[in-house]
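The next block holds one structure in the form of structure tokens; read it before the comments.
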Amino acid sequence: MSPIKNVNWQVNTEIVHTAQGPSKEGGMITQGLYPAVGYAFQSIEHAEAVVSGKEEGVHYGRYGNPTLKALEEKVAALEGGEAGLGLSSGMAAISSALLAFLKQGDHVICTKDIYGNTFKFLNTMAPRFGITSDFVDCTNSQEVEKAIRENTKVLFIETPSNPVLTVLDIEKLAIVAHKHGLKVIIDSTFMTPYLQKPLELGADLVVHSATKYLNGHGDVLAGIIVGSKKDVDNIRKNFMADLGQSLSAWDAFLVLRGLKTLGLRMEKHCQTALEVAEFLSSHPAIKKVYYPGLTTHPQYEVAQKQMKHSGGIVSFEVKGGLSAAKEMINALKLAFISFSLGDPETLVQHPASMTHAAIPAEERAKSKITDELIRLSVGLEDAKDIIDDLEQALSKAY
Ligand SMILES: Cc1ncc(COP(=O)(O)O)c(C=O)c1O
Numbered sequence: 001m002s003p004i005k006n007v008n009w010q011v012n013t014e015i016v017h018t019a020q021g022p023s024k025e026g027g028m029i030t031q032g033l034y035p036a037v038g039y040a041f042q043s044i045e046h047a048e049a050v051v052s053g054k055e056e057g058v059h060y061g062r063y064g065n066p067t068l069k070a071l072e073e074k075v076a077a078l079e080g081g082e083a084g085l086g087l088s089s090g091m092a093a094i095s096s097a098l099l100a101f102l103k104q105g106d107h108v109i110c111t112k113d114i115y116g117n118t119f120k121f122l123n124t125m126a127p128r129f130g131i132t133s134d135f136v137d138c139t140n141s142q143e144v145e146k147a148i149r150e151n152t153k154v155l156f157i158e159t160p161s162n163p164v165l166t167v168l169d170i171e172k173l174a175i176v177a178h179k180h181g182l183k184v185i186i187d188s189t190f191m192t193p194y195l196q197k198p199l200e201l202g203a204d205l206v207v208h209s210a211t212k213y214l215n216g217h218g219d220v221l222a223g224i225i226v227g228s229k230k231d232v233d234n235i236r237k238n239f240m241a242d243l244g245q246s247l248s249a250w251d252a253f254l255v256l257r258g259l260k261t262l263g264l265r266m267e268k269h270c271q272t273a274l275e276v277a278e279f280l281s282s283h284p285a286i287k288k289v290y291y292p293g294l295t296t297h298p299q300y301e302v303a304q305k306q307m308k309h310s311g312g313i314v315s316f317e318v319k320g321g322l323s324a325a326k327e328m329i330n331a332l333k334l335a336f337i338s339f340s341l342g343d344p345e346t347l348v349q350h351p352a353s354m355t356h357a358a359i360p361a362e363e364r365a366k367s368k369i370t371d372e373l374i375r376l377s378v379g380l381e382d383a384k385d386i387i388d389d390l391e392q393a394l395s396k397a398y
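Residue numbers for the sequence shown follow the UniProt record's numbering, so the first one is 1 and each next one is one higher.
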């Protein structure tokens, strides 16, 4: 296997080669797929050493497998973390990462606009176990500091946020949180390590829905956590495995395959998304465009500081309220109406009725998720075709 990380490699070489290489058996360049659940040991002592962690190895499929290990090492290297953990979905990564640092009586500060199911987890499941949360405007680090209580243990943020692309200053927030001994967990799904490195900016753990850009082909549900070896080992052994959230070898293999083109895909998503955002900004039927690459974005400076480019998601409000938004979405011909994002196909969705329907309407309003808000995951098609589709749908709706 090639070295985990060669410091002289540029990013695309790193993406292709890091933690992956010809196998000792047969020189296979492609990562082997090992679906084994059980592993044979040379002796009871050997089994004991692996289970206790004294020796490297896998003892049972619920704790990992060699294909998954290759994925975990690759994403950990790309994020600049010590260790990675592959899980069965982004929500598995988020729930396990949060539970690892929380117990009954603890408190979480979470950014206001957050993926709908993260909000639901913190608002419905976590309180059943005595964990409370406050949803705070994290664009203002003073607000965050004011919300910290004696029992606050975690600051959880998502940047840019889903769906209104609020950008949070990771470095600034990590300083405030660490001053009070909080763990900082960042959902970096919209960025991937190609565009943003939260650990280098001070985060303790980065979580991803690998279902999205990391895999990039819309055919796998997966999650990844990256952080210190100590934290990742703890989550693997005491949370992920006990909750049964492991990722299968088949799915890990597909994410590894998708990852190889991450750089190419992200460049194209970002370039087209900027063109789409500029087109929408100048269209008379559009009320508002959310895209961190537009100079009009309220956190444009922060985005420029911590993100390589601005990502593939563009959200916008149409004039004319709910019926106009629905009409516009229904008139699109190229874009598919779908919940996911980060796929080769352009996907469109209505957050208030789809991804963020789990959030009560009054809470949605506080997070700018209005009835006329539309989220577009800009695909890998040619920019002209995506823009032509938007134009014909807008002209039909108005
Ligand atoms: C930002 C973000 N985080 C987490 C998730 C959850 O990921 P998964 O669907 O893989 O559980 C999503 C899903 O859309 C997301 O957009």
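Backbone N, C-alpha and C fix where the C-beta goes; we use that ideal spot for every residue, glycine too.
CA nearest to the CA of I94, picked from Q271, V136, L243, M28 = Indexing the sequence shown from 1 puts residue 94 at position 94. Nearest of Q271, V136, L243, M28 to I94, Cα basis: L243.
task = Verify the contact flag: D251, CB atom, against every heavy atom of ligand 1, threshold strictly below 6 Å.
result = Counted from its first residue, the sequence shown places residue 251 at position 251. No, since every heavy atom of ligand 1 falls outside the 6 Å radius drawn around the Cβ of D251.
message = If the criterion is Cβ atoms closer than 7 Å, does the pair V207 and D187 meet it?
response = What you label residue 207 is simply residue 207 of the sequence shown in a count that begins at 1. What you label residue 187 is simply residue 187 of the sequence shown in a count that begins at 1. Against a cut-off of 7 Å, the Cβ pair of D187 and V207 comes out as a contact.
task = Run the proximity test for Y115: is its beta-carbon closer than 6 Å to any non-hydrogen atom belonging to ligand 1?
result = As a working mapping, residue 115 is identified with position 115 in the sequence shown. True, at least one ligand heavy atom lies under 6 Å from that Cβ.
task = Give the range of the alpha helix (DSSP H) segment to which F119 is assigned.
result = For the purposes of this step, residue 119 is identified with residue 119 of the sequence shown, where counting begins at 1. Bounds of the alpha helix (DSSP H) holding F119 are 116–120.
ask   = Is S209 near ligand 1, in the sense that its beta carbon is under 6 Å from a heavy atom of that ligand?
value = Taking the first residue of the sequence shown as position 1, residue 209 is located at position 209. Yes.
task = Using beta-carbon positions only, say whether E55 and A47 come within less than 7 Å of one another.
result = Counting from one through the sequence shown, the residue named residue 55 turns up at place 55. Counting from one through the sequence shown, the residue named residue 47 turns up at place 47. Cβ atoms of E55 and A47: not closer than 7 Å.
request  = Please name the residue in S43, E14, V289 whose C-alpha comes closest to that of A76.
outcome  = Position 76 of the sequence shown, counted from the first residue, corresponds to residue 76. It is E14 whose Cα lies nearest to the Cα of A76.
ask   = Heavy atom of ligand 1 less than 6 Å from the Cβ of S89, yes or no?
value = Position 89 of the sequence shown, counted from the start, is the residue given in the question as residue 89. Checking the Cβ of S89 against ligand 1 gives yes.
message = Is L221 a contact residue of ligand 1, with contact defined as CB to any heavy atom under 6 Å?
response = Against the sequence shown, residue 221 aligns to sequence position 221. Indeed, a heavy atom of ligand 1 lies less than 6 Å from the Cβ.
task = Report yes if the C-beta of L18 is less than 6 Å from at least one heavy atom of ligand 1; otherwise report no.
result = Locating residue 18 in the sequence shown gives position 18, where the first residue counts as 1. In the sequence as displayed, the identity of residue 18 is Thr instead of Leu. Because no heavy atom of ligand 1 lies under 6 Å away, the Cβ of T18 does not count as near it: no.
message = Distance cutoff 7 Å, beta carbons only. Does N215 sit that close to anything in chain B?
response = Of the protein chains in this structure there is only one, and it is not chain B.
message = Between which residues of its own chain and A174 is the CB-CB distance below 7 Å, once the five residues before and five after are set aside?
response = Your numbering for residue 174 matches position 174 in the sequence shown. The answer, listed in chain order, is V184, L201, G202, A203.
inquiry  = Taking 6 Å as the cut-off, is the beta-carbon of residue 409 closer than that to any non-hydrogen atom of ligand 1?
reply    = Since the first and last residues shown for the chain are 1 and 398, residue 409 lies out of range.
request  = Pull up the distance between the alpha-carbon of H350 and that of V314, whole angstroms please.
outcome  = In the sequence shown, the residue the question calls residue 350 occupies position 350. In the sequence shown, the residue the question calls residue 314 occupies position 314. Cα to Cα, H350 sits roughly 12 Å from V314.
task = From the DSSP output, read off the bridge partner residues of L205.
result = In the sequence shown, counting from the first residue as 1, residue 205 sits at position 205. I185, per the DSSP bridge assignment.
request  = Please go through the same chain and pick out, in chain order, the residues whose beta-carbon is closer than 8 Å to the beta-carbon of K172, but skip the five residues on each side of it.
outcome  = Against the sequence shown, residue 172 aligns to sequence position 172. The residues are S141.
query = Got a sec, what are the start and stop residues for the alpha helix (DSSP H) Q306 sits in?
reply = On the sequence shown, position 306 is the one that residue 306 refers to. Residue range 300–306 is occupied by the alpha helix (DSSP H) that includes Q306.
query = Beta carbon of Q10, beta carbon of A70: below 7 Å?
reply = Mapped onto the sequence shown, residue 10 falls at position 10. Mapped onto the sequence shown, residue 70 falls at position 70. Cβ distance not < 7 Å, so Q10 and A70 don't count as in contact.
ask   = Is T189 near ligand 1, in the sense that its beta carbon is under 6 Å from a heavy atom of that ligand?
value = Locating residue 189 in the sequence shown gives position 189, counting from the first residue. For T189, the distance from the CB to the nearest heavy atom of ligand 1 is below 6 Å.
query = Exposed or buried, which one is M1 when buried takes at least 16 other CB atoms within 10 Å?
reply = For the purposes of this step, residue 1 is taken as residue 1 along the sequence shown, with counting starting at 1. Low confidence applies to M1: its pLDDT is 49, below 50, so where it sits in the model is not reliable enough to give any reading.
query = How about N8: is its Cβ closer than 6 Å to a heavy atom in ligand 1?
reply = Here residue 8 is taken as the residue at index 8 of the sequence shown, counted from 1. Result no, Cβ not under 6 Å from ligand 1.
key: Supposed close pair L87, S281 - CB separation, criterion 8 Å   = In the sequence shown, residue 87 corresponds to position 87, counting from 1. In the sequence shown, residue 281 corresponds to position 281, counting from 1. 38 Å between Cβ atoms; not a contact.
key: Residue closest to V348, alpha-carbon to alpha-carbon, out of I359, A357, G342, F336   = The residue labelled residue 348 in the question sits at position 348 within the sequence shown. Of the candidates I359, A357, G342, F336, the residue whose Cα lies closest to the Cα of V348 is F336.
ask   = Can you tell me whether DSSP reads T67 as helix, strand or coil?
value = Position 67 of the sequence shown holds residue 67. If DSSP states are grouped into helix, strand and coil, T67 belongs with the helices.
inquiry  = Tell me the rounded alpha-carbon separation between G258 and F239.
reply    = As a first step, residue 258 must be located in the sequence shown, where it is residue number 258. As a first step, residue 239 must be located in the sequence shown, where it is residue number 239. So the two alpha carbons sit approximately 27 Å from each other.
inquiry  = Whether or not the region 361–375 and the region 297–306 are in contact is what I'm after, with contact meaning three or more pairs of Cβ atoms, one per stretch, closer than 8 Å; do they touch?
reply    = no
task = Taking 7 Å as the cut-off, decide whether the C-beta atoms of L155 and G80 are in contact.
result = The sequence position of residue 155 within the sequence shown is 155, counting from 1. The sequence position of residue 80 within the sequence shown is 80, counting from 1. No.
query = According to DSSP, is K197 helix, strand or coil?
reply = Residue numbering aside, residue 197 sits at position 197 when the sequence shown is read from its first letter. It is coil, neither helix nor strand.
query = Given 8 Å as the limit, is there contact between the region 377–390 and the region 269–279, that is, 3 or more CB pairs closer than that?
reply = yes
key: Euclidean distance between Cα positions of T111 and G105   = As a first step, residue 111 is located in the sequence shown; it is residue number 111 there, counting from the start. As a first step, residue 105 is located in the sequence shown; it is residue number 105 there, counting from the start. So the alpha carbons of these two residues sit roughly 20 Å apart.
ask   = Can you tell me the Cα-Cα spacing of L33 and W250, whole angstroms?
value = Working through the sequence shown from its first residue, we reach residue 33 at position 33. Working through the sequence shown from its first residue, we reach residue 250 at position 250. Cα to Cα, L33 sits roughly 7 Å from W250.
message = Tell me the rounded alpha-carbon separation between K24 and L262.
response = Locating residue 24 in the sequence shown gives position 24, counting from the first residue. Locating residue 262 in the sequence shown gives position 262, counting from the first residue. C-alpha separation (whole angstroms): 26 Å.
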